[in-house]
Structure formats: C-alpha cells, structure tokens
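These protein sequence lines map, in sequence, to chains Z, Y, A and C. Here the first sequence is numbered in this note's numbering, starting from 1 and rising by one per residue. Here the second sequence is numbered in this note's numbering, starting from 1001 and rising by one per residue. Here the third sequence is numbered in this note's numbering, starting from 2001 and rising by one per residue. Here the fourth sequence is numbered in this note's numbering, starting from 3001 and rising by one per residue. Since the structure comes first, as structure tokens, the remarks are kept for the end.
Number of protein chains: 4
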Amino acid sequence: MPMTPEQQAEIDALRSNPQPTLRAVAEGMEKHLYTAYDVLDHGFIRVIDYMGDDAAICQAARVSYGKGTKSVQNDEGLIRYLMRHWHSTPFEMCEIKLHVKLPVFVARQWIRHRTANVNEYSARYSILDREFYIPQAEQLAAQSVINNQGRGEALTGEEAARVLEYLKGDAARCYDHYEEMISQDDQQGLARELARMNLPANIYTQWYWKVDLHNLFHFLRLRADAHAQYEIRVYAEEICKVVADWVPAAYGAFEDYRMGGATLSSKAIDCVRRMLKGEEVTQETSGMSKGEWREFEGIIG
Amino acid sequence: MPMTPEQQAEIDALRSNPQPTLRAVAEGMEKHLYTAYDVLDHGFIRVIDYMGDDAAICQAARVSYGKGTKSVQNDEGLIRYLMRHWHSTPFEMCEIKLHVKLPVFVARQWIRHRTANVNEYSARYSILDREFYIPQAEQLAAQSVINNQGRGEALTGEEAARVLEYLKGDAARCYDHYEEMISQDDQQGLARELARMNLPANIYTQWYWKVDLHNLFHFLRLRADAHAQYEIRVYAEEICKVVADWVPAAYGAFEDYRMGGATLSSKAIDCVRRMLKGEEVTQETSGMSKGEWREFEGIIG
Amino acid sequence: MPMTPEQQAEIDALRSNPQPTLRAVAEGMEKHLYTAYDVLDHGFIRVIDYMGDDAAICQAARVSYGKGTKSVQNDEGLIRYLMRHWHSTPFEMCEIKLHVKLPVFVARQWIRHRTANVNEYSARYSILDREFYIPQAEQLAAQSVINNQGRGEALTGEEAARVLEYLKGDAARCYDHYEEMISQDDQQGLARELARMNLPANIYTQWYWKVDLHNLFHFLRLRADAHAQYEIRVYAEEICKVVADWVPAAYGAFEDYRMGGATLSSKAIDCVRRMLKGEEVTQETSGMSKGEWREFEGIIG
Amino acid sequence: MPMTPEQQAEIDALRSNPQPTLRAVAEGMEKHLYTAYDVLDHGFIRVIDYMGDDAAICQAARVSYGKGTKSVQNDEGLIRYLMRHWHSTPFEMCEIKLHVKLPVFVARQWIRHRTANVNEYSARYSILDREFYIPQAEQLAAQSVINNQGRGEALTGEEAARVLEYLKGDAARCYDHYEEMISQDDQQGLARELARMNLPANIYTQWYWKVDLHNLFHFLRLRADAHAQYEIRVYAEEICKVVADWVPAAYGAFEDYRMGGATLSSKAIDCVRRMLKGEEVTQETSGMSKGEWREFEGIIG
C-alpha cells in the first residue's frame, strides 16, 4: 500500500472539489484523476492532469474554430485515418501528466524516452524512503537461454530462496548505512548527494512525467510489448487502461494499428504474395535470414 | 474583424458551456478561452486549452501528492528561485494550446521554435482565403541605416503610396490567378498543392500551436523583444497578456529575470566592479569592442 | 545551372584539398562532398559534412573501444537487426550536413521535421535572388479527383499555357516590385524584412540542414514516398542516392524494412492468416473500411 | 587506470591510421581523438568523432558556398556576436561524439540533458564490471548547513573512515551477490535484467554520447558551474579542455558570455544604475529578497 493516510487525505481532498471549466473535459479521465493505481510492490501511477480528448485530435487536424466534431463516427474514421497514415501531429495535441513511483532501474529505461517533461524527486536535496522492489516468486526469472536480452523460467527451490535473501539483505544493509551516513546525530553527516550512491537500483524513486499522446503511444508500443522487461511493462499496461478511458477512439486505433499490428519488410511482403498465389515458400527460398523468418512465421502463423 | 458570424457562434457556444472538472483550474485563463484577440489586420490569437497554473509548477518542483501549495507567498518565492537559477523543468509542467492566424512570413519565423506542436491549415488539401497583410502607414518602415536587420523611419509621401499600391495590387492579382488556376469551371483545375506557390508571403495562414510554459517563455523573450520584427512582436505581446493572467507568479518572475533582465559578460561585470570603485572606464579601457560597449552602455545607462 | 563561376570555384577549391584525419572516413561519401546535385529548375543539394559510417553504428550499439567491426557481414546483420527491431539510437550516431536550395513552399513542408538543425538564408538581412520554381509541362498536374491531397493528369493545351503564363508573369512582376521597393536610388527604400512579403512561395531560398541518420530516414520514408508532393520528393530521392553511398548497409536495411515495407493492422494480419488458410476474404468480411481494404489490397496485391 | 592493454591497443591502432578527407578538419581536436582522459577513480572521457570547427559556425551563419572564412578575426567577431545575441543555430552545426565511463548516479543527472544521442552499455544484455566510485578523502563532504543541495567541509577521523568502510564494503558485497546470482555454475542463473537491481549507484556504466555544440555549451554551463555536484563537474571540466582546442573562438565567447557572465534581473539593473549615480543601495531599498541580494553582491562584489 504505497499511500500514507496523509497522502490519501490530500488525494481525497482534490477529488472532492470539482470546479467549472470551459475546456474540453474527458469524462472517462475525470474518474481516474489523482487516484493511485498500484504497480509492483511499492509503485503506482496517478493521473495528475490531462489536456484534450478524441475531439481535440480532430479539431486540430481540421484547424477548426469550434469543437471540431461533426459526429462521433466521423471523428473515429478520421482518427483511424490519421493513425494509419502516420500523421503524428494531431495526436500531439493531447497531453497527460502522471505521478509515478518506480524502481530506479525502471526509471533508467523510462527516461530514455526523451520527448517528455520530467521532475524527479531529488536525492541531492531530500532523503529517499526505505522502499525496495523485491520481485514476487513467479518473476524471479532465469536468464533466457535463447535470447541474451530476455528471461526464461522462474527460478525455484534453494536458488530462488538465495536470490531473495540477497536482494532483501543487501537492500536493508545498504539503506541502514545510508541512514547512518547522513545522520547528524553526534556527527557531521555525509552530504545527501554522496550518500545516495550507496543505494541499489531497486530502490524506489518518483517523478512527475508529462508527455503528449503521440509520444505516449510510442512509449506504450515499446514498453507494453511482450519483449519489454516485465517491471516496466506493468507500468505501461496500467497506463494503457487510463488512456483507453481518456481517448477511446485514439486508443482503439493505436491497438489495431500499432500494438496489434506488424511491419513487414519488402522481402516479407513478397513472400506473402507468393504464398497467396499458392507457392510453398521456405526460409531458404524466402531471402530472409533465419531470425527474420522465425519472426515472419510468428506474424502470419 | 477576422471572425465570420458562424465562427463567432461556434466560439460563443463553447464559452457558454462550463463543465465540472477535478483538474487545476486557472481562473484568470478561463475568461480568455476561445475568444479571438485581433492582431495585425486579419490575424488573431485564441487560447484553445491550457494545463496547469502557478501551483502546478510548485507541485511538480516538490514532486508532491497534494496541491503543492503551502501558501501563495511560498509559491511565489519558489517560482522566483526556480526562474533565477534556470530550473526549467517545473515550468515545462504547464502547457498552452493556441489557435493563431498569421501571415506566412511571420509563420516562417515562428516555426523555427522547434519544441512545440503544430497543426497548420493545409493548402495542399484546402483553399486559402483572400486575406493579405497590408501594413499600416506607420509600419511602412525604411531599411535601417545602422542595422542590416532592422527598420528605420516610416516611409512617406509618394514612396509610401507606391509601396502600398504594389503590395495590394500584387496580392490581388496573385490571388485572382490562384483562384483561376484551381477553378474547375470548364477546365481541369490545377492541383492545389501547386497553385499555392503563386501566393505571396503576406497571405494569412492559421494553425494550432501547443507549447509548454518554459518554451513559451523562451519564445516570448525573443519575439516580444524590442529587436524582434514588429509583425511577430505584436503576436508575442498579445500572448504575454493572457500568460500574465494564467500564471501571474511565473509571469512576474519572467518579466523581472528575463524580459527586463540582461546578461553581462565577464568583461562587463569587471567594468561594473571597476566603475563602482570609482574608476572612469571607457570603451578603450573596457576590453570590449565598440558594439559590445554600446550595448553595455544601454544596460547600465 | 544553379552555380555561378565564383561559387563553382569555391567548391573546386574545397574538393582539391584533402587533409589527414583520424576520424572514421566513408569513402563513398567523400566523392560527393561539396558537389551540387541539381534538383528542380534552380535547386540543389550539396553534402557539406558528415560524421560516421556503417561501422560507427555498430560501434555505438556495442559501446566498444575500438572500431566496433568484427566483420562486414556481422555488421550488416547487426544493422538489419537494429532496423527491424526499431532500435533508433545507434542510427542517431551518424550525422549529415547538407546545403539545400529549394522553393519556399517546399521549405515550409521540410521544416516540419523538427529534430534537425537549420540555418536559413535571411531575407530580413539579405536580398533574395530572382529565381522561381516554374514546373515543367509534365508536372503541371490537375487536382486529383479521387484524393483531396493529390494530383491527377497533367494539364494540357490552353489551360497549361495559361497557368505557366500566370506563374511566370506574377513571379516576375512581384520580384520587379520587390526590387523597386528596397531600392535606395532616390528614395529611402523599404525595409527588407517587409519587402520580402511580396514574394510568392515559388521563390527559392537556401539553408544548411543538419540531421542524424535516424531522423533522416524518417524524413526520407515520408518524403521519398509515392504520396509525397513531387517537388519535395525529388529532393528526398537525390538525398537517398548519397546516403546509399555513405552507409550502404544501413541504407539497404532502410530500403527493405521501411521504404519497401508496410505496416499491417491487427485486422489485416488476421485477414492474411485467414487467406493463407484458404478462406475467401472480402472487404465485407474483413472488418476493414473500404479505404483500409483498398490499401490492404495494394500491399498484398 | 581504466584501460586494459587490449583496449589501449585498439585505441593506438585507431590513432596510428590517418586517412585523407575533404571535410573540415580541426587540428586541435585531432590530437585528442580516441585518447581516454581519466576522470574520478575509474572513469574517463574519450572523443570518438567530431563535425565542424569555428569556420563551420560562420559558414552556416552566412549560408555560404565556400569555407565561409573571410579572416580569422572576422570569424571571431561574428562568433562573439552570435553568442552575445543568443543565436543558437550556427553553434548547432558542430557536433561531438564522446565515449564516457561514469558512475550511475552521475549518469542519472547527465541524461536529463535530453537534446543529445545516447547509446548506453546494456546491463540487460551484458555483465557490468566490478568498478565502483569511492570518493577520495577530500571529497567525502558533509551535508551543507546553509544549502540543502550542497556540500560542506570534508568529514574527518572516525566518521570519514566509517563512510569509506560502508561504501567499499557494500559495493563489494552487492557485487559478489550479483555475480553469484547470475552465475550459471550448478544453477540456472538469475536474468541479468533482474540481477542488476542489486548494484548500488556508484557502479560505473559507460555510453556513447553525441551532442551539438549549442547543447554541449548548455550542459557545460550548468555542469562545469561551481554549484554543480563535484562528481559531474569533473567530467564537464575535462570536456571543456577538449572543446577549447576544438573550437577556440566559440569556446572563448562561451567563457566570456556564459561561464564568466551573469544575468541581472530588472531589479538588479536598476540597483546598478542607482549605485553608479552614487546612491547607497541596501537590501532593504533594493526591492530584492535576501537571497537575491546575496547573489547580487556576489556578482558586483
């Protein structure tokens, strides 16, 4: 449970005080505002603010004076057309601001998405909490034997137990020493900007993260993908849920064309054409490498 | 008067329909929403949407759970501190979306500010209106004799009259021919994407422009500056007015530290120090070039 | 012929003076340096500088100490893998700087690609040359009757003649007046920053444009595409040629996966699977709109 | 000594093989190429590649056909003018690529500079080395008592000894467990992407970092500043040295206008004017807060 009673009270206060606005309001998003959705053992995502809705995408695409909506059906068709033809700028007209609590090693992947605005809790200035990500048993995965950058089966027995013991013990000891080093009881106390270097990468940090819908979709496509590391994927999946309520038409198009879609190379298209004409195509006759062919079979499979 | 009755009716409809929201609401901005503020002879700016307020800047800077406001005074002090020390990320947490109608040669300067989102009215797809910027008499300025990139006194008499005649006549003729070329009456009609090439740079275009507050301040510092071309400066000045109502504390800090501030080189700082100690410093003893010295005198003037 | 003898002499001087460097050298690119390749009637592209080669992409992907090359074959396989799996950052490690001369209406499309560095010839400061793009007869296309944003057949006969007359006549007259307005013979002379507004969008401008290889590929995919406007496509095609010589492995992967590739939606993938199993799928049973189905047929064609 | 003999041999090989190029060559930079300059206990910076020189800045500013150099003096004057008037785009025409080895907590600050290209060594894919930053005695600083985000005096005696013991001991133990967890001797071996979470933030990582000169100057202004954390400042200072050799005129202007310069608020300018007229101005009569006044005194000091 990541919220203290004080934090929960602040959130409740914010949720109890609707105010009139003339801006576009997305009903589906209002219900999510401020609420923390748990991710991993101590993390969360919370929607802090948003700008725009499905109609705003169309309004911008049409550079119109009014609401831009001719009808919900027209809007959906236009949104699907924009997504299909890689028109990115209308989707940039929607914006979301999230408050995220996440382990440092996840934050290090996340921040690689550069077209976003970030304010991170400062460990130069403030003291981090004693909260570390400890994987659940089913996530204690072995190194994949077929993919250098992936996971295999979950560890079991003594090996799993030993890993958990290491992760828990090292986190606790490192944090104890962090606290001792910065303590100003009977000593000067090490600078916080130095003491933080003793903390392992599973400690939690938090930030405000603001991004436009186009760049968010790019983030979600990569991070909600089955090949993404589990610990960032669960954040992406939680975000997908609120986005589906915020901009249902845009999210639907994203699911169809991006998440569920696939890009075929010119060689792959050629193979599909030959196969549809009845030819028996094999990896050898495809012109593709073994890796490409395996991925191709996964798509048309 | 840039609005048609239909457009004005759409705007009135939007302004008459407040809805409840749980998001941060900036009272000062609500009153501006959708309304078109005239700029130049046919242009305008309109606020279409916004995200955040002064408190949101502080909330992000503190990565806090609640509203982030301890008191209005505290917030203002923090905002001034952030501005003074070039902390840009908290200002990026506010966002504004504008609808702007502007001459093409102004749009070409404006678009050079790359960190923004834009949807422009498409002249490949649609037909541009017959609206051209024709300067008022007092803006028909001569080339500056001291600055290759500036204006001198306003032209007068026959010369001014001739310039106006050229601008009006060429715009009208080019537009007549544009219309004739795309007409499909008794002919095929030239492709719009080609016909537009006949239109001079004072024709009006329009776009949706979305930008965060940090990058907006950067835009305003350069474009509301006395050295900016008049025709873009008047847009920047109109935007300044709505920003002052939207985020009064941030705008106040921006005025003090950026618009009204000045950067001194190490040589200039050295001169100030010597002058404050009573030394008579001249351009020759300053270490500065003539141009730098002239600008320095303008600052300490 | 866009070069004056003086300009050509400057280019020849640069090409005649090789110097030793320890940096990665791309033989295929050295032969293109500085040379102007004609595009349209007065435009060109020239490579001014470049950084990196195919090996540099691999070196960065491996974060290695030496050249990063194990073998040319290994490098090509890695580059294809990176392209296939949307690993964009290694391609960002190569950079190219071009000098481009292009009509203003083309420049206005081009500049929408924001992740690039640009220095444009300033018409506030300098005087533009009397050079306008006048389409060749076969490019004087009619508005498409099936696509609002496209071209149909070339105009013919009187209509074509009238269009050419308008384009040439209006350009000439606007430029004559531009010259007269800025002239300082017996008059003050209008400020250049104002006079330029009288020039139509087919006047040529020029700029230095610097971009990394990842963003260049994005530009080329959109602008060398058959749906791009002809007048920007010919620039993209000319750039494709030098890129093919600069980074042959990366360009090959780009051609296969991006230019020649296609993205299928989840609905389209489902249709392919059903068709490969022998099912007769029609637009009605596909779940796709008519537009989507038409595009799908074009791919599997 | 961060280089292994094999790595040094690779570097020597690269340095021994000059090749002819027609590109702009910066003599001052060639001598630095590939060489590793030590930073902290195990870190370094190495220049891998560069594009452009002082002349290239001027060439782009003038959008010229040839070398752009009229004379070295003219070039320097132009560069100082561009820097003084915040013309950023010509400086973006130079680019540098660095290979950097640095502790993770430094990398986390560094990556916040978003306008750059990065390829980091992947701990999902590869195994990190046993190398941790352990501060030297004089850098084991206490928390500042006047600035929440700063350092005070160095710790001494038992307290310093205890801190070092903690840092060294925890790093060693965490790394031992990291190795044990990923080991595949007689066990499956934990996935690398999970095991890395046990490593503290003083472990070293490395990356290729590519940035244009304008954004590099922005980085250096903030990170070579006296208020930056020591552990990133030493990297910035080392980079300053190579930049001074690469683009001496641009670096000189940067030193004068940015590093050695200061921005005065409108209130501060008003105070300077009053003081120069002989008025005795105090904090109370300045209109500034105590913090601002203290900083102001530091400038005019």
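Note that CB positions come from ideal geometry on N, CA and C, so glycine has one too.
- Message: Could you compute how far the alpha carbon of I3096 of chain C sits from the alpha carbon of V3047 of chain C?
- Response: 7 Å
- Message: By the 9 Å beta-carbon criterion, what residues does the stretch 2044-2066 of chain A contribute toward chain C?
- Response: R2046, I2048, D2049, Y2050, M2051, G2052, A2056, Q2059, A2060, A2061, R2062, V2063, S2064, Y2065 and G2066
- Message: Please list the terminal residues of the continuous beta strand (DSSP E) segment that includes D1212 of chain Y.
- Response: Y1204 to D1212
- Note down, in chain order, every chain Y residue with its Cβ under 7 Å from the Cβ of I239 of chain Z. Within 7 Å Cβ-Cβ: nothing; I239 of chain Z doesn't reach chain Y, min ~17 Å.
- Task: With 8 Å as the limit, tell me which residues of the stretch 142-156 of chain Z have their beta carbon closer than that to any beta carbon of chain C; keep them in chain order.
- Result: A142, Q143, S144, N148, Q149, G150, R151, G152, E153 and L155
- With a CB to CB cut of under 8 Å and the five nearest residues on each side skipped, what residues in its chain are close to N3198 of chain C? C3174, H3177, Y3178 and M3181
- Message: Which residue wins for smallest C-alpha separation from E3193 of chain C, given the options Z:W207, Z:N148, Z:D185 and Z:T205?
- Response: Z:N148
- Message: Quick check on this structure: which residue in Z:D212, Z:F219, Z:Y133 and Z:P2 has the alpha carbon closest to the alpha carbon of A201 of chain Z?
- Response: Z:Y133
- Task: Closer than 8 Å by beta-carbon distance: list the chain Z residues that pair up with A3191 of chain C, in chain order.
- Result: A141, A142, Q143, S144, G150, R151 and G152
- Inspect the beta-carbon positions of W1207 of chain Y and Y1125 of chain Y and report whether they are closer than 8 Å. no
- Contact set between P3103 of chain C and chain D, taken where Cβ atoms lie within less than 9 Å: Here chain D cannot be found, since the structure's protein chains are Z, Y, A and C.
- Does DSSP put L78 of chain Z in a helix, in a strand, or in coil? helix
- For the stretch 153-187 of chain Z, list the alpha helix (DSSP H) runs that are entirely contained and at least 4 residues long, ordered along the chain. 157-182
- Message: Counting only Cβ pairs nearer than 8 Å, list the residues of chain Y close to R15 of chain Z.
- Response: L1022
- Message: Rounded to the nearest angstrom, what separates R80 of chain Z and F217 of chain Z at their Cα positions?
- Response: 14 Å
- Query: Which one or two residues does DSSP pair with K1097 of chain Y in a beta bridge?
  - Reply: Y:D1049 and Y:K1210
- Same chain, Cβ closer than 7 Å to A1250 of chain Y, neighbours up to 5 away in sequence not counted: D1054, I1057, I1079, F1091 and L1213
- If you compare alpha carbons, which of Y:Q1109, Y:E1165 and Y:L1022 is closest to R1233 of chain Y? Y:Q1109
- Could you list which residues in chain Y have their beta carbon closer than 7 Å to that of W110 of chain Z, in chain order? Here the premise fails: no neighbours, minimum Cβ distance about 15 Å.
- Can you find a C-beta in chain Z that's less than 8 Å from the C-beta of I1206 of chain Y? First, the amino acid is wrong: residue 1206 of chain Y is Gln here, not Ile. Yes, contact with chain Z.
- Item | Contact residues within the stretch 3257-3275 of chain C, judged by C-beta distance below 7 Å to chain Y | Y3257, G3260, G3261, A3262, T3263, L3264, S3265, S3266, K3267, I3269, V3272, R3273 and M3275
- Query: Taking C-beta to C-beta, are A1141 of chain Y and A2171 of chain A nearer than 8 Å?
  - Reply: no
- Query: Taking the continuous alpha helix (DSSP H) assigned at E231 of chain Z, which residues delimit it?
  - Reply: Y230 to W246
- Proximity winner among Z:S183, Z:V25 and Z:G298, relative to W246 of chain Z (alpha-carbon distances): Z:V25
- Query: Taking contact to mean at least 3 C-beta pairs separated by less than 8 Å, is the stretch 2251-2261 of chain A in contact with the stretch 238-245 of chain Z?
  - Reply: no
- Query: In terms of alpha-carbon separation, which member of C:I3111, C:A3013 and C:P3103 lies closest to E3131 of chain C?
  - Reply: C:P3103
- Query: Excluding the five sequence neighbours on either side, which residues of its own chain have a C-beta within less than 7 Å of the C-beta of D2038 of chain A, listed in chain order?
  - Reply: P2002 and F2044
- Hey, does I1079 of chain Y have any beta-carbon neighbour from chain C nearer than 8 Å? no
- Message: The beta strand (DSSP E) that contains P20 of chain Z, what's its start and end?
- Response: Q19 to T21
- Message: Let me check understanding here. Comparing Cα to Cα, which of Z:K277, Z:E295 and Z:L276 lies closest to F283 of chain Z?
- Response: The identity of residue 283 of chain Z in the sequence shown is Gln, whereas the question assumes Phe. Among Z:K277, Z:E295 and Z:L276, the Cα nearest to that of Q283 of chain Z belongs to Z:E295.
- Message: Is there a C-beta anywhere in chain C that falls below 8 Å from the one on M2306 of chain A?
- Response: Limits of chain A in this structure are 2001 at one end and 2301 at the other, which puts residue 2306 of chain A out of reach.
- Message: Short of 7 Å in beta carbon distance, which residues of its chain neighbour M275 of chain Z, apart from the five on each side in sequence? Order them along the chain.
- Response: V281
- Which of the residues in the stretch 1214-1233 of chain Y, read from start to end, lie with their CB under 9 Å from any CB of chain A? Q1229, Y1230 and E1231
- Query: If you drop the 5 nearest sequence neighbours on each side, which residues of the same chain put their C-beta closer than 6 Å to that of H42 of chain Z?
  - Reply: P2, E131 and Y204
- Query: What's the call for E3292 of chain C, buried or exposed, on a 16-neighbour Cβ count within 10 Å?
  - Reply: buried
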